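Data first, discussion second: the structure below is written as structure tokens.
In this note's numbering, the protein residues as written are 23 to 212.
This is how it looks when you write it as structure tokens:
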């Protein structure tokens with residue numbers, strides 16, 4: 023990781039951490055109210071994430087998508103710099119702590135490949151690049167998933183996490199969209 027990317031990450035996380043709990047909750051509800059700028063057919067598999075630290079909570083959006091007929095999934099961390107696995111999950115399912123302490127579905131839950139992947143991030147730029155936490159989970163996951171099928175990767179973030187340039191590397195996977203409490207930013211070709 024370059025020191026530039028580390029500096030950008032730290033500054034964006036400081037801005038995110040400075041948001042109050044009411045602002046965070048309102049932003050998650052605003053994203054859910056706007057919904058996805060995509061047609062969601064019943065049975066579409068949408069993988070979210072269990073929010074950690076001060077990440078924006080995808081829960082309100084995921085509940086809305088489930089009510090519209092989407093099937094939900096959550097990631098499971100296998101190992102550092104390895105692709106994530108995804109297991110089906112519903113809002114009422116109990117989660118357990120994974121290897122890194124992040125809540126995840128039971129090992130008994132069926133594995134799946136998502137059609138839409140909601141991606142947490144530390145920072146993003148207007149070119150569709152994100153800065154994560156440096157473990158490489160989402161970059162290698164997106165590479166593997168995109169080799170298997172056409173998926174849509176959507177970053178969820180607070181507007182305060184936007185940066186002018188992410189100092190992206192060749193191995194950094196690009197997002198298709200970013201949703202903030204203020205807008206949907208589409209990076210796909212028209």
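Cβ coordinates follow ideal geometry from the N, Cα and C atoms, glycine included.
Bear in mind that the values here come from a model prediction, so they are computed numbers and not experimental data.
Practice prompt. For the stretch 176-187 and the stretch 117-128, state whether three or more C-beta atom pairs, one from each stretch, are separated by less than 8 Å.
Written response: In the pairwise beta carbon analysis, the stretch 176-187 is classified as not touching the stretch 117-128: fewer than three pairs are separated by under 8 Å.
Practice prompt. For residue 105, I'd like the list of residues in its chain whose CB is within less than 7 Å of its CB, leaving aside the five on either flank, ordered along the chain.
Written response: If you number the chain shown from 1, residue 105 lands on position 83. Counting only Cβ-Cβ distances below 7 Å, and skipping sequence neighbours, we find 162, 163 and 166.
Worksheet item: Alpha carbon to alpha carbon, what distance is there between residue 102 and residue 174?
Response: For the purposes of this step, residue 174 is taken as residue 152 along the chain shown, with counting starting at 1. For the purposes of this step, residue 102 is taken as residue 80 along the chain shown, with counting starting at 1. In a straight line, the C-alpha of residue 174 is about 23 Å away from that of residue 102.
Discussion item. According to DSSP, simplified to helix, strand and coil, what is residue 163?
Written reply: Here residue 163 refers to the residue found at position 141 of the chain shown. Residue 163 falls in the helix class under three-state DSSP.
Worksheet item: DSSP state of residue 79, grouped into three classes?
Response: Sequence index remark: in the chain shown, residue 79 carries index 57 (1-based). It is coil, neither helix nor strand.
Fill in: Among 207, 59 and 201, nearest to residue 53 - alpha-carbon criterion
Within the chain shown, residue 53 is the residue found at index 31, counting from 1. The shortest C-alpha separation from residue 53 is found at 201.
Discussion item. What does the Cβ neighbour count give for residue 29, buried or exposed, with the cut at 16 atoms within 10 Å?
Written reply: Counting from 1 along the chain shown, the entry for residue 29 is found at position 7. Counting Cβ neighbours within 10 Å, residue 29 comes out exposed, since fewer than 16 surround it.
Worksheet item: Is residue 118 near the ligand MN, going by C-beta to nearest heavy atom under 7 Å?
Response: No copy of the ligand MN occurs in the structure displayed, which carries no ligand at all.
Item to complete: Count the other C-beta atoms from every protein chain shown that fall within 10 angstroms of the C-beta of residue 171, then say buried if there are 16 or more, exposed otherwise.
Response: Counted from its first residue, the chain shown places residue 171 at position 149. By the neighbour-count rule (16 or more Cβ atoms within 10 Å), residue 171 is not buried but exposed.
Worksheet entry | Nearest to residue 119 (by Cα), restricted to the options 97, 44, 196 and 139 | By 1-based counting over the chain shown, the position of residue 119 is 97. Minimum Cα distance to residue 119 is reached at 97.
Worksheet entry | Coarse secondary structure for residue 29, derived from DSSP in three states | Within the chain shown, numbered from 1, the residue matching residue 29 stands at position 7. Three-state result, residue 29: helix.
Worksheet item: Between residue 187 and residue 129, what straight-line distance do the alpha-carbon atoms span, to the nearest angstrom?
Response: Walking along the chain shown from the start, residue 187 turns up at place 165. Walking along the chain shown from the start, residue 129 turns up at place 107. Taking the straight line from one Cα to the other gives about 39 Å.
Worksheet item: What residue does the alpha helix (DSSP H) around residue 47 start on, and which one ends it?
Response: Numbered from 1 along the chain shown, position 25 holds the residue referred to as residue 47. Where residue 47 is concerned, the enclosing alpha helix (DSSP H) starts and stops at 43-56.
Worksheet item: residue 141 to residue 83, Cα distance in whole Å?
Response: For the purposes of this step, residue 141 is taken as residue 119 along the chain shown, with counting starting at 1. For the purposes of this step, residue 83 is taken as residue 61 along the chain shown, with counting starting at 1. The straight-line gap from Cα to Cα measures roughly 13 Å.
Worksheet entry | Terminal residues of the beta strand (DSSP E) in which residue 178 lies | Here the question's residue 178 lines up with position 156 in the chain shown. Here the beta strand (DSSP E) through residue 178 covers 174-178.
Worksheet item: Taking all protein chains shown into account, do 16 or more other C-beta atoms lie within 10 angstroms of the C-beta of residue 74, making it buried, or fewer, making it exposed?
Response: The sequence position of residue 74 within the chain shown is 52, counting from 1. Classified as exposed, residue 74 has fewer than 16 neighbouring CB atoms from the shown chains inside 10 Å of its CB.
Practice prompt. Name, in chain order, the residues that DSSP records as bridge partners for residue 152.
Written response: Sequence index remark: in the chain shown, residue 152 carries index 130 (1-based). Answer by DSSP bridge pairing, in chain order: 146.
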